[in-house]
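Q:
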Amino acid sequence: MQRFKKRQIEIPAEGAAMLTDAIGRIAQPSRRAFLQRSLTLGGLTLLTGCAPDNQESIDAALTGISRFNDRVQGLLFDPNRLAPTYPDSMIAQPFPFNAYYGEEEIREIDGDSWRLELSGMIADRKPWTLTQLRALPQQSQVTRHICVEGWSAIGKWGGVPFSHFLRHVGADLSAKYVGFKCADDYFTSIDMATALHPQTLMALSYNDQTLPPRYGFPMKLRMPTKLGYKNPKHIQAIFVTNTYPGGYWEDQGYNWFGGS
Numbered sequence: 003m004q005r006f007k008k009r010q011i012e013i014p015a016e017g018a019a020m021l022t023d024a025i026g027r028i029a030q031p032s033r034r035a036f037l038q039r040s041l042t043l044g045g046l047t048l049l050t051g052c053a054p055d056n057q058e059s060i061d062a063a064l065t066g067i068s069r070f071n072d073r074v075q076g077l078l079f080d081p082n083r084l085a086p087t088y089p090d091s092m093i094a095q096p097f098p099f100n101a102y103y104g105e106e107e108i109r110e111i112d113g114d115s116w117r118l119e120l121s122g123m124i125a126d127r128k129p130w131t132l133t134q135l136r137a138l139p140q141q142s143q144v145t146r147h148i149c150v151e152g153w154s155a156i157g158k159w160g161g162v163p164f165s166h167f168l169r170h171v172g173a174d175l176s177a178k179y180v181g182f183k184c185a186d187d188y189f190t191s192i193d194m195a196t197a198l199h200p201q202t203l204m205a206l207s208y209n210d211q212t213l214p215p216r217y218g219f220p221m222k223l224r225m226p227t228k229l230g231y232k233n234p235k236h237i238q239a240i241f242v243t244n245t246y247p248g249g250y251w252e253d254q255g256y257n258w259f260g261g262s
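The sequence shown maps to residues 3 to 262 in my numbering.
1) Which same chain residues end up closer than 8 Å to residue 210 when comparing Cβ atoms and leaving out the 5 residues on each side of it in sequence?
2) State the Cα-Cα distance for the pair residue 183 and residue 240, rounded to the nearest angstrom.
3) Give the C-beta separation of residue 111 and residue 220 to the nearest angstrom, bearing in mind that I take them to be a contact with Cβ-Cβ under 8 Å.
4) With DSSP run on the structure shown, which of helix, strand or coil describes residue 187?
5) Ignoring anything shorter than 4 residues, give me the alpha helix (DSSP H) runs that lie fully in the segment 98-157, in order along the chain.
6) Leaving aside the five residues before and after residue 208 along the sequence, list all residues of the same chain whose C-beta is less than 8 Å from its C-beta, in chain order.
7) Helix, strand or coil for residue 178, going by three-state DSSP, please let me know.
8) Is it right to say residue 153 is buried, meaning 16 or more other beta carbons lie within 10 angstroms of its own, or is it exposed?
9) Taking the C-alpha atoms as reference points, what is the distance between residue 170 and residue 127?
10) Straight-line CA distance for residue 189 to residue 139?
11) Check the Cβ-Cβ distances between residue 145 and every residue of chain C, and say whether any is below 8 Å.
12) What does a CB cutoff of less than 7 Å around residue 295 pick up in its chain, not counting 5 residues either side in sequence?
13) Residue 203 bridges to which residues according to DSSP?
14) Between 191, 235 and 86, which has its C-alpha nearest residue 248's C-alpha?
15) Under the DSSP definition of a beta bridge, which residues are partnered with residue 242?
16) Using the C-alpha atoms, what's the distance from residue 246 back to residue 121?
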């Protein structure tokens, strides 16, 4: 097989953003197929100078472009711009289940013994019970969930505005990241601007009923400004940090910012 020499070619900002956006919106198996087609056409080689048989250089190039796209999305994100809302008549029946595992593996969590653990750059780190969270101010929203796999669905979520909670516990709002660890071994993280967005919700209910296990009982984070994989379910720990935390899918090549 012919090897290509590595070349340093400057990537136009528009092209880099478009390429990364396309890659970031494709599910992981498809992403590899997309990458293979790009190599067949010489696309990635022309953009980065990577040898098509050097997986390490390919992954490094993709990561670099993805991090660049994260920064661009962060700069373009408007913390005051609201995602569209919809009437109850447009709520999906039923709202789809989605996770990295099948429905037969949905986690069953005891709400009475569940505690939300806090750590990192937070002044008041005492654990929270479900009863305590329900006593905080609540709001609801009917918004569209957009999945990276290409489907979307409208649902009604209710719970605590995350910005209110972060201020209530004395989180450092100048920190870069908020991370989440979940009872189903999922984990992800978001930027602080999204955490403080008025529609970012600590969801405790779905369609005016207690949040069912299939949607993340006892609590999930609902963000209509992010793609579905950024909305963690069964949350059991929240931390605030300036150290990049990554995420379950993000560490496998998905775009970190994940804006919808």
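Positions of the beta carbon are idealized from the N, C-alpha and C atoms, including for glycine.
A: Quick answer:
1) 142, 158 and 160
2) 7 Å
3) 6 Å
4) coil
5) 132-136
6) 97, 157, 158, 159, 160, 214 and 217
7) coil
8) exposed
9) 11 Å
10) 26 Å
11) In summary, chain C is missing from the structure at hand, where a single protein chain is found.
12) Residue 295 cannot be examined here, being either before or after the span of the chain that is shown, 3 to 262.
13) 163 and 224
14) 191
15) 122 and 180
16) 15 Å
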